[in-house]
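These notes are about the structure you will find just below.
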Amino acid sequence: MKQFLNCVKVRGTVSISSGKTPERAIAKNLAQPTNYQAGIALGKCAVKLITLGISGTIPFGIALLHASTNTQAVAQITPDVTLGAEQSVVRPNVMIDDHYADKIEGGALRGSNLFHSFLEFNIGDGQRVYFANPSGIENILTRVSGSNASNLLGTLGVTGSANLFLINPNGIIFGLNAQLDIAGSFLASTANSLVFEDGFAFSTANPDVPPLLTITAPIGLQYGSNQGGTISNSGKLSVGQNLTLAANNLNLQGELYAGRNLTLRALDTVKVRDNTTNPFIASSGRRLMIQGNREVNLMALNHPESGFFSGGDIVLRSANPIRGDAHYTSGSDFRIEKLDGSLGTLVSPFDPVIQASGDVSFSSYTGASLHVLAGGSVNIGSVTITGTDVTNYINQTVTLSEGTLLEVNGGARPTLDIRAGTTAFDSTVGLQGLPTPSNLSILNTATSAEIAIDSITLSAADGLVLLTNQYSPNPALPAGTIQVAQINSSSSLGNGGDVVIDSRGGIVLSGNVNSQSTAAASSGGAVTLIANDDITTTNIQSDSSFLDGGQISLTSRHGAIDTSAGSLTSLAGSSGRNGGQITLSANRDITTGNINSSGGKLGGGGDITLISNGRVSAAHSSIQSETFGFHKGGDIVVTARSLSLFDNAFLSTSTHRAGDAGSVTITATDTVSFDGALSSKEFSGALSLVKNGAEGNGGNLNITTGSLYVTNGAVLSASTRGEGDAGDVNITATDTVSFDGVGSNGLSSRATSRVNFGGQDNGNGGNLNITTGSLYVTNGAVLSASTFGYGDAGTVNITASEAIFLDGLGSHGYPSAIASRVEKNAEGDGGNLNITTGSLYVTSGAQLSTTTSGKGDAGNINLTATDTVSFDGVGRNGNSSLASSRVNSLEGNGGNINITAHYLSVTNGAILSTTSVGQERSAGNLQLTAQSILLDNEGRLSARTASGNGGNITLQIQDVLLLRNNSAISTNAGFDGTSGDGGNITINAGFIVAVPQENSDITANAYQGRGGKINITTQGIFGIDYREGLTSLSDITASSDFGLSGVVEISRPEVDPSQGLTSLPTDIIDTTGMIDYQCQVGRSSAGNKFTMTGRGGLPPNPNESLGEENWLEDLGSPMQVGEVGEAREIVSPVLGNASASSANQIVEAQGWMIDADGKVTLTVQVPAPTPVTPTSQQTWQVSASCQNIPNTANLTGTAH
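Using the working numbering, the first residue of the sequence shown is number 275, and each one after it goes up by one.
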């Protein structure tokens, strides 16, 4: 059987070769115009050879046509007859724009629409085909009703500005050299119909003639049951307005340009590819939309110029995740959507880069390094970075807002790079090195610079997360918050990924941030948060199992930081090295949760730094840096206006091995407060610890503030349980330091330096140093330096310029105290208490003490006060006291007490004592220096011992030592009935005064040993006397029950009391000529009298000592004897506002007063004269008979 082609028209040279080519192969070759340089048109006629010198018919089965490269075939454009008389007409070789082209005319005119219908519509390579654009035509609508796809290999154009629509359900192929020359819009589709608003469908399946009524522009495409063919492109298609490709499938290469919107839509799949030779470019002046109902598969990374560019939005839409390995540049928003308009998923195994001057939004991303630059906001549900870029065009050094340089290279490390609110799109869209069409305009619809991401995961090691709206920021936009629910950049294969968030506004991390590494020889990733406003986080973890923890840094320039919902950790595991540094810096408040930067066995802990211009606070959390290795632990530094740790929040540094523990340094201009405790292991405070077996030294606790408050069981402690020394506790407060109360755990609020039991080789305790204006230790609070182990306790040094107040008992029944202790079984000396202050008040059972119960000496107490030292009262469980005690110590001695003050009072049962109980050891000495000392109501000074020698008491008193109401000074020994000599008492005082009947004693007695020696040097002793034994009176004794009595020596200063005195003359003066006798008493034999009565208290003369007979006498109420002998009480004048001290002074009379009865009273002040007008009964003139003068005038003077 022979078949013939239906009319092959050939222009140019055709070579024909015979062969047994299968019909199917010939048909295939004829159907592939890209294999030929000539156009081929099929008609219903025999093949004719024109002007080629060869004629005849060509059997189809034996002929093959090869077109030469310099030939041009007539376009295969065949109008159909569906439009009747209005069918399309093809006019070849028409000059259009100075080049020959085939022009299509005719068609059905309907209003502003022109309809064409073709059986076949193809354009050969090099062919130019143009639709005529009659006047008034806005839309040219073309259908292909045949069964073949359209091959468009050359140029398709419109002579005017009308829009061109081309539908062919069999498919449309744009060849490598295909071009569009269309000023308006172009739509190519494999739909069956173009649908109009009135319901008319310009259909390829039912090719009806368009109705005569006016038809507006089509509003949609309609596909039949057969979804249609494919549109493929390899050419360069460009239109002045909108470009739309719509098909069942889009298979796109080449380049697409639209002056306005570019729409690529497939019922099934949109597939985009480029190659190293030819880029793929999709560029629109306005909106670029790509929709594949089932799939969008974009891979355009092989050529450096490939990419998707839009002056408006870029929208990628599909029911399924979109594969988008490409670079996107949008002048407005970028969105990944599902078909219903909700946000969709982007997948990119290689290298996506998204740039949009507006907002960027999609629900999730999975793939290689992702770079997003947005002029507006970024909203992504979740991001998973699986690896580095295969081909990377971004390799930048980015400067963060605080000046740090950060290298961003998605090809070198797995990277999520998101930059929002940037002005990088002001003139052109893009980064250096990325392609950008020069004619791309920018809509720039940005209204916000926020970044919101639900979760971020870097599944590859050593990655980077960069989220910022500070990169070339747009100041016209609101600051913008960066919000992320969760970030996981951890790795088990290498280093954890770094996380950097730099925000113009705030930062909110509502979930965990994990950048840890569990891989060998790998470190945790650094976490850096920088914000202008508030930062809020939960857990941030940058640990390392085998190397170094990553650095954590949070900085808020104008806002607050709140990490209280979680913890910040940068730990090195037990086999690791160093903990990472953790730094929080805020202009306003910082509220923290747990913070830990501890190191491993091969390193040390990281530093923790909190800096705030406001308040730093924490509740029920810890801030700690420990070292388990040979390197130093991290320091904890807090600088703020105020610091408040409560509900068991604490700061802690410690060492477990050879490395020293870090220090805790707190500087707060206003206040520092620690409050609350729940258990012995749960309390608020600050700690420096040397753990059991550790060789390193403890760090210091340094607090500098306005006022410090430690309440309700809170603790400041530096301790050692190992071989290293404990650190010091240093407190400096310009105003107040207050330790108050007991926690719910039953433990006192306290500051302590301790040597705990931890083996045979303990280190020494640190010192407790306090410098302040006023110090309060109340309601059971304690300041102490003690040893429980094999090291010396530290020293307590307190300087309070104003006053120190120790008061009361705690709810646990123990007194407020400042103490230094050597505890039972301890082997070390106690530390000294050194106190310098204005005034010291110890009341209601509070105590100052140094004690030893172990193999060590108790510390000394050295107290200096420029004003007053007062010990007063008794609490429920004991006296207010200052004591240095040795209690059942095997080898230790009691400490000494040294007090220097202006005024010292020990009253109402209070006691100052050095005591030794147990083995035969001496009590410490008590030395007091003061202007005056008062002991009242059982106030006591004591240096007693149970079985050893009593301690010595030395009193240097400038004015008066006053003993009242059973007070005592005692250096007794053997008070438990054993041996021991009484201690010595040395008193050097201006005066020593006691009340005899009040039984106030000065004793240096012994039981079996010798009585002590009492040396007293004074100008006078009143109300107390030496006796051989104690009586009910006030006594001075140095006796022994079974031993020799001591010695009592009372000395007066070597002063000549008569020096400077003048002897009065002994001759009696003759007063006869000096007295006027004219007015003598006429009616009474009694004359006038002047009586001088005295109380004694003076020696007979200055050269004699005062004897008992000259002591002051209580004269009782003065009486006056009247004229007839009746007794009348003399009322002493009362001087207003007289002080207690002035009442005791002897004052020379300055005047007198005479009342109406003639009574004369001597006065201290001269009475002001009062003018009196004489009456008949009263006159200043004395009569010659003197009858008006009283018979007698009695003048009485009383010496006080």
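Heads up, the beta-carbon is just placed ideally off N, CA and C, and yes, glycines get one too.
Would D1255 and A1242 qualify as a contact pair, given that the criterion is a beta-carbon distance under 8 Å? no
Does DSSP put Q1271 in a helix, a strand or coil? helix
Are the CB atoms of G1149 and G1104 nearer to each other than 8 Å? no
Mapping DSSP to helix, strand and coil, what is A359? The DSSP-derived three-state label of A359 is helix.
Considering only DSSP beta bridges, list what H390 is partnered with. Beta-bridge pairing links H390 to T416.
Return the CA-CA distance between T658 and S477, expressed in angstroms with no decimal places. 46 Å
Short check: CB of G428 to CB of G398, under 8 Å? yes
Nearest by alpha-carbon distance to A726: which of P749, S777, N422, A1184 is it? S777
So, using beta-carbon positions, are G1102 and G1133 closer together than 8 Å? no
Between the CA atoms of P443 and Q670 - distance to the nearest angstrom: 48 Å
Counting only beta-carbon separations shorter than 8 Å, does A914 have a partner in chain D? Within the model displayed, chain D is absent; a lone protein chain is all it includes.
Counting along the chain, where does the beta strand (DSSP E) carrying E1076 start and finish? 1070-1081
From the DSSP output, in three-state form, read off D1066 for me. coil
Could you compute how far the alpha carbon of N523 sits from the alpha carbon of V544? 6 Å
Does the separation of the CB atoms of N870 and N887 fall below 8 Å? no
Using the Cα positions of T979 and N1038, report the straight-line distance between them to the nearest angstrom. Rounded to the nearest angstrom, the gap between the Cα atoms of T979 and N1038 is 27 Å.
What does the Cβ neighbour count give for A347, buried or exposed, with the cut at 16 atoms within 10 Å? Reliability fails at A347, whose pLDDT of 36 lies under 50, so the model's placement of it is uncertain and the value that follows must be treated cautiously. The residue in question, A347, is buried, as its Cβ has 16 or more Cβ neighbours within 10 Å.
For V646 versus D691, is the C-beta spacing smaller than 8 Å? yes
Thinking C-alpha only, which one of N1071, N1030, D1081 is nearest S1106? Looking at the sequence provided, one finds Asn at residue 1106 rather than Ser. Checked all of N1071, N1030, D1081; the closest Cα to N1106 is N1071.
Just to confirm the assignment: which complete beta strand (DSSP E) runs, minimum length 3, are found wholly within the region 1089-1114? 1091-1096
Is the separation between the beta-carbon of S506 and that of F448 shorter than 8 Å? Going by C-beta atoms, S506 is nearer than 8 Å to F448.
If the criterion is Cβ atoms closer than 8 Å, does the pair G618 and I596 meet it? yes
Once DSSP output is grouped into helix, strand and coil, what is the label at Q1121? strand
Of the residues L738, T837, L821, the one placed nearest I781, counting alpha carbons only: T837
Compare the beta carbon distance of L1042 and G987 with 8 Å and say whether it is the shorter of the two. Contact: no.
With 16 other CB atoms within 10 Å as the buried threshold, where does V546 fall? buried
Proximity winner among A1278, Y1300, S1306, A1263, relative to G1294 (alpha-carbon distances): A1263
Please classify L674: does DSSP put it in a helix, a strand, or coil? coil
With burial defined as no fewer than 16 other Cβ atoms inside 10 Å of the residue's Cβ, what is the status of G615: buried or exposed? Of the other Cβ atoms in all chains shown, fewer than 16 fall within 10 Å of the Cβ of G615; this residue is therefore exposed.
Given that a residue counts as buried once 16 or more other Cβ atoms are within 10 Å of its Cβ, and exposed if not, what is R1326? exposed
State the DSSP-derived secondary structure class of P353, mapped to helix, strand or coil. Here P353 sits in strand by DSSP.
So, for S1206: in the same chain, excluding its five sequence neighbours on each side, which residues have a beta-carbon less than 6 Å away from its beta-carbon? Cβ within range, chain order: Y1177, D1233, V1234.
In the DSSP output, what is Q898 paired with across the bridge? N870, S926
Are V627 and S592 touching if we call contact CB-CB under 8 Å? no
Proximity below 8 Å, CB of T537 to CB of M563: Yes, these two residues count as a Cβ contact at 8 Å.
Nearest neighbour of T1010, chosen from S991, L450, G973, V1051 [CA to CA]: V1051
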